[in-house]
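S.K.: Numbering (this note's numbering), first residue to last: 1428 to 1673.
(1) Pick helix, strand or coil for residue 1439, following the three-state DSSP scheme.
(2) Based on Cα-Cα distance, which residue from 1576, 1492, 1614 and 1601 lies nearest to residue 1540?
(3) Just verifying my parser: in three-state terms, what is the DSSP assignment at residue 1664?
(4) Taking the alpha-carbon positions, what's the residue 1732 to residue 1611 distance?
(5) Who are the Cβ neighbours of residue 1679 in its own chain at under 6 Å, not counting the five residues just before and after it?
(6) To which residues does DSSP link residue 1506 through a beta bridge?
(7) How is the beta strand (DSSP E) around residue 1546 delimited, first residue to last?
(8) With contact counted as at least three CB pairs below 8 Å, one residue from each stretch, are the stretch 1587-1601 and the stretch 1448-1460 in contact?
(9) Sorted by chain position, which residues of the same chain lie with C-beta nearer than 7 Å to residue 1512's C-beta, five sequence neighbours on each side aside?
(10) Nearest by alpha-carbon distance to residue 1532: which of 1526, 1457, 1525 and 1542 is it?
(11) Would you report the Cα separation of residue 1578 and residue 1572, rounded to the nearest angstrom?
(12) Starting from the Cα of residue 1454, find the closest Cα among 1648, 1640, 1651 and 1477 and give me that residue.
(13) Between 1536, 1646, 1522 and 1465, which lies nearest to residue 1505 when the distance is taken from Cα to Cα?
(14) Looking only at its chain, what residues have a beta carbon closer than 6 Å to the beta carbon of residue 1499, apart from the 5 residues adjacent to it on each side?
(15) Can you tell me the Cβ-Cβ gap for residue 1443 and residue 1526, rounded? I've got them flagged as a contact below 8 Å.
(16) Using a threshold of 8 Å, state whether the C-beta atoms of residue 1472 and residue 1497 are closer than that.
(17) Among 1479, 1655 and 1475, which residue has its Cα nearest to the Cα of residue 1536?
(18) Using only alpha-carbon positions, find the residue among 1652, 1576, 1567 and 1459 that is nearest to residue 1583.
(19) Look up residue 1479 in the DSSP assignment and give the residues it is bridged to.
(20) Can you round the beta-carbon distance between residue 1494 and residue 1458 to whole angstroms, since I take them to be within the 8 Å contact cut?
(21) Excluding sequence positions up to five away, which residues of its chain have a Cβ less than 7 Å from the Cβ of residue 1530?
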């Protein structure tokens, strides 16, 4: 998220929505469908109770949106805000006030959407993924200019990748699998379990690789100490022999 800082003003306006995605694991339609009355900044709770669906095929009315209820009961949930997520909402509000932007669209009776473009219209997954691709491209270009030898570049990823990253972070932090399932709105525990199993397997491998590395370092340290002691002993013997010869 560092590349989206104020110094990179071209992409700064994308910082709040991607921060919320990464910090809540919400689906794209849940994020784009959020209204100001769905969040409680005082208690730090996000109420997920609907999703915004975008239909990109054009008819006589053009592309359009619908509001759907979550597909399963698990989709209806409350997500606690981290301090970073709360600040992202506040930043979005402040930026919109400064730019004179406000939600102007009503969809199936729903209005007052949080994340809107400069025209007051809701965002959609295609726009967000295109924004991510531009951000990744420019971030990598900057990194290539800065670090010509072995630069660390961002891989291509989508909005859904941010949701997966959130889930992975929960697993790595040792959060209970049932809590993860509830936060992510997984209707089936096996979906959460698959991610949990994959991540824990990777963590085990990483821990084992680290163990092997440390063991190898210890062996080399022990070998160096033996060689040093052997050289010292040899030196002492030589001195004794020389002394006797005198």
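Glycine included, every Cβ here is placed at the ideal spot set by N, Cα and C. Source: prediction; values computed, not measured.
M.R.: By the coordinates alone:
(1) Helix.
(2) When C-alpha distances from residue 1540 are compared across 1576, 1492, 1614 and 1601, the shortest belongs to 1492.
(3) Because the pLDDT at residue 1664 is just 48, under 50, the model does not fix this residue reliably, and the value given afterwards should be weighed accordingly. Collapsing the DSSP output to three states places residue 1664 in a helix.
(4) Residue 1732 lies beyond the stretch modelled for the chain, which goes from 1428 to 1673, so this question has no answer here.
(5) For residue 1679 there is no data in the structure shown, the boundaries of the chain being 1428 and 1673.
(6) In the DSSP output, where bridge partners are listed per residue, residue 1506 has 1473.
(7) First-last for residue 1546: undefined, no H or E at that position.
(8) Segments in contact, yes.
(9) Excluding positions up to five away in sequence, the list reads 1446, 1447, 1450 and 1451.
(10) For the options 1526, 1457, 1525 and 1542, the alpha carbon positioned closest to that of residue 1532 is the one of 1542.
(11) Going from the Cα of residue 1578 to the Cα of residue 1572 covers about 9 Å.
(12) Just measuring C-alpha positions, the residue of 1648, 1640, 1651 and 1477 sitting nearest residue 1454 is 1477.
(13) Ranking 1536, 1646, 1522 and 1465 by Cα distance to residue 1505 puts 1465 first.
(14) Counting only Cβ-Cβ distances below 6 Å, and skipping sequence neighbours, we find 1614.
(15) With a beta-carbon spacing of about 13 Å, residue 1443 and residue 1526 fall beyond the 8 Å limit used to define contacts.
(16) No, Cβ-Cβ distance for residue 1472 and residue 1497 is not below 8 Å.
(17) Considering only alpha carbons, the answer is 1479.
(18) Taking only the C-alpha atoms, the option nearest residue 1583 is 1567.
(19) 1494.
(20) About 14 Å; that fails the 8 Å criterion.
(21) Cβ neighbours of residue 1530 beyond the five flanking positions: 1538, 1539, 1540, 1543 and 1547.
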